[in-house]
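**Q**
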Amino acid sequence: MPEKFGTYAAHQPGYEGFKQLGKLEDYVYQSLTHLGDASYKLSWGLTVLEHTDVPVEVQEEIKQAMQAISKVKEKLRAHQEEGAEQ
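As numbered in my numbering, residues -2 to 83 make up the sequence shown, in order.
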C-alpha cells in the first residue's frame, strides 16, 4: 500500500527503494543518493548546452556546482565511515 499523500514518505524520491534496501534510517546514505542524482542531472544539463550558444561562463558555473556536490559527498562519506567505526 502506498504511503499517505502529503507525508514525507509519499514524496521522497526513491523512498520505496530505500525501504527495500533497509536504508530508511540511514539518512547519510539517502543524502548521498540524492546528491548523486543531482550531480547526474547537472551533468545532463551541461551536456544539452553543447547545442546552444550559452556563454562558457554559465557552463563553468554548472561545472563548479557539480564539483561542489562532489566535495560535499566526500565529506558525507567520511562522516558515514566515522559513524560505522564507532
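We put the beta carbon where it would ideally sit given N, CA and C, even for glycine. Fair warning: this is a prediction, and the values are worked out from it, not measured in the lab.
By Cβ distance below 8 angstroms, which residues in the same chain neighbour M62 in space, the five residues on each side in sequence not counted?
**A** It is Ala, not Met, that sits at residue 62 in the sequence shown. Hits under 8 angstroms: L39.
**Q** For Q27, is the classification buried or exposed, using 16 other Cβ atoms within 10 angstroms of its Cβ as the cut-off for buried?
**A** Q27 should be labelled buried.
**Q** What's the C-alpha gap between G33 and G11?
**A** In a straight line, the C-alpha of G33 is about 12 angstroms away from that of G11.
**Q** Whole angstroms is fine: what's the gap from Y24's alpha carbon to E78's?
**A** Near 13 angstroms, if we compare the C-alpha coordinates of E78 and Y24.
**Q** In whole angstroms, give me the CA-to-CA distance for L21 and E54.
**A** Whole-angstrom Cα-Cα distance: 39 angstroms.
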